[in-house]
Amino acid sequence: MDAQGKYTVITGASSGIGYATAKAFAQRKKNIILVARRENNLNELKREILQEVPELDIVVKAVDVSVSQNAHQLYRELNPYQIDTWINNAGFGSYESVSGQDLEKIETMLRLNVEALTIFSSLYVRDYRDVDGTQLINISSAGGYTIVPTAVTYCATKFFVSAFTEGLAHELKAANAKLQAKVLAPAATKSEFGKVANNTSEYDYDKTFGTYHTSDEMAHFLLQLYDSNMTVGRVDREAFEFKLSEPLFAYAGNSKNNQKVQLND
């Protein structure tokens, strides 16, 4: 561990957007903690990063964070590190009707997309809300703002991510906290997502989508969000343009109908 350095945590770093994001942050001379199940992929990513930026400290944590006990244990293991950015990227999708969906797969998706993200977000905010320069970036989806046919349950998990993160951003600003919470919402992105979501070993993005982004492009968009003071970075799934904005969901921050209870910080 680089005792004097700061670290960026990236979950779901073994492929796709997480893999590309790790490389993008490494180019900015950021020490990185790579988290995913597939240790071989993480070690290969570490090797690639250190070939280009050998002075960095790259930490590999091979763990299945869809198991809540593992998520809590991982966070405890990272206590010695000074973490200035936490990126919750781990997640997967499912294309299927609600009546026909594989519930075992769906249960794992809920634990990963919703539960693990909430655990990590809550623990990180608890420890870092008043630390200068800190950011929590949660990866949602264009399907976290639009319900997509045959992906209803997946979209619901990402609506949670979007609403949770936007609400957290409001909460942090109201408390004058130093930590910023942000949400990235990609549309179709060429990665392993299509294979996993469709339970197939082959998936052709050129045949399936008229337009899509690469993982490298999404990592570039994530850096734009990181560099900005905006809360949301979203790809419009019709125009396929990336836009930064303030929170998009309605927020009842000043409603006279809110409960009259002082929340504990």
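Numbering (this note's numbering), first residue to last: 296 to 560.
By construction, the Cβ of each residue, glycine as well, lies at the ideal position given by its N, Cα and C atoms.
Model, not experiment: these values are computed from the prediction.
Restricting to Cα atoms, I'd like to know which of the options is closest to residue i.
i, options, result
"threonine 306", "Asn493, Glu347 and Phe387", "Phe387"
"isoleucine 401", "Leu517, Val330, Gly548 and Ala446", "Ala446"
"threonine 506", "Ser523, Lys341, Glu533 and Ala480", "Glu533"
"threonine 495", "Ala545, Ala317, Glu391 and Glu343", "Glu391"
"glycine 548", "Leu340, His465 and Lys477", "His465"
"serine 309", "Gly300, Leu351 and Val355", "Val355"
"aspartate 397", "Tyr521, Asn493 and Ile432", "Asn493"
"phenylalanine 537", "Ala545, Val358 and Met513", "Met513"
"aspartate 531", "Ser394, His508 and Tyr546", "His508"
"isoleucine 434", "Ala469, Pro444 and Ala482", "Ala482"
"glutamate 334", "Lys324, Val358, Glu347 and Tyr376", "Val358"
"methionine 404", "Ala321, Ser389, Gly395 and Gly439", "Ser389"
"threonine 413", "Ala315, Ile382 and Pro542", "Ile382"
"phenylalanine 455", "Leu418, Val409, Ala469 and Leu479", "Val409"
"threonine 441", "Leu407, Lys468, Lys473 and Ala480", "Ala480"
"lysine 300", "Asn326, Asn553 and Leu474", "Looking at the sequence provided, one finds glycine at residue 300 rather than lysine. When each option's Cα is compared against that of glycine 300, the closest is Asn326."
"leucine 517", "Tyr376, Phe320 and Ile344", "Phe320"
"tyrosine 419", "Gly439, Val393 and Leu369", "Leu369"
Use the C-beta contact count for residue i: other C-beta atoms within 10 angstroms, 16 or more gives buried, fewer gives exposed.
i, result
"glutamate 461", "buried"
"isoleucine 378", "buried"
"lysine 453", "buried"
"proline 349", "exposed"
"alanine 298", "Since pLDDT at alanine 298 reaches only 39, below the 50 mark, its modelled position is unreliable, and no value is offered."
"serine 436", "buried"
"glycine 428", "exposed"
"phenylalanine 488", "buried"
"alanine 317", "buried"
"phenylalanine 415", "buried"
"arginine 424", "buried"
"lysine 341", "buried"
"methionine 296", "Its pLDDT being 45, under 50, methionine 296 is placed unreliably in this model, and the value from its coordinates should be taken loosely. Classification for methionine 296: exposed."
"glycine 439", "buried"
"serine 550", "exposed"
"proline 542", "buried"
"alanine 472", "buried"
Between which two residues does the beta strand (DSSP E) holding residue i run?
i, result
"valine 478", "475–480"
"serine 550", "First-last for serine 550: undefined, no H or E at that position."
Please check the pair residue i and residue j, which I expect to be a contact at CB under 8 Å, by giving their CB distance rounded to whole angstroms.
i, j, result
"glutamine 430", "threonine 380", "5 Å"
"valine 556", "serine 540", "The pair is not a contact, with the Cβ atoms about 30 Å apart (cut-off 8 Å)."
"leucine 329", "isoleucine 353", "7 Å"
"alanine 385", "valine 360", "6 Å"
"alanine 284", "alanine 366", "The shown model of the chain, from 296 to 560, leaves out residue 284, and the question about it has no answer."
"serine 572", "lysine 485", "Any question about residue 572 goes unanswered here, given that the chain covers just 296 to 560."
"leucine 407", "valine 304", "16 Å between Cβ atoms; not a contact."
"valine 426", "leucine 467", "The Cβ separation is near 12 Å, so there is no contact."
"phenylalanine 569", "alanine 458", "Nothing about residue 569 can be read from this structure; the chain reaches only from 296 to 560."
Is any beta-carbon of chain D found at less than 9 Å from that of residue i?
i, result
"tyrosine 302", "Any reference to chain D falls outside this structure, which holds one protein chain only."
Starting from residue i, trace the alpha helix (DSSP H) both ways and give me its first and last residue.
i, result
"tyrosine 302", "From DSSP, tyrosine 302 is part of no alpha helix (DSSP H) but of the beta strand (DSSP E) over 301–306."
"tyrosine 419", "412–423"
"threonine 503", "500–503"
"threonine 292", "There is simply no residue 292 to check, as the chain begins at 296 and stops at 560 in what is shown."
Item to check | Ordered list of alpha helix (DSSP H) runs contained in the region 308–395, each at least 4 residues | outcome: 311–321, 334–347 and 363–372
Item to check | Completely contained beta strand (DSSP E) runs for the region 430–481, where each covers 3 or more residues | outcome: 430–434 and 475–480
Checklist entry - Quick one: complete beta strand (DSSP E) runs, 3+ long, within the region 512–554? => result 527–530 and 537–540
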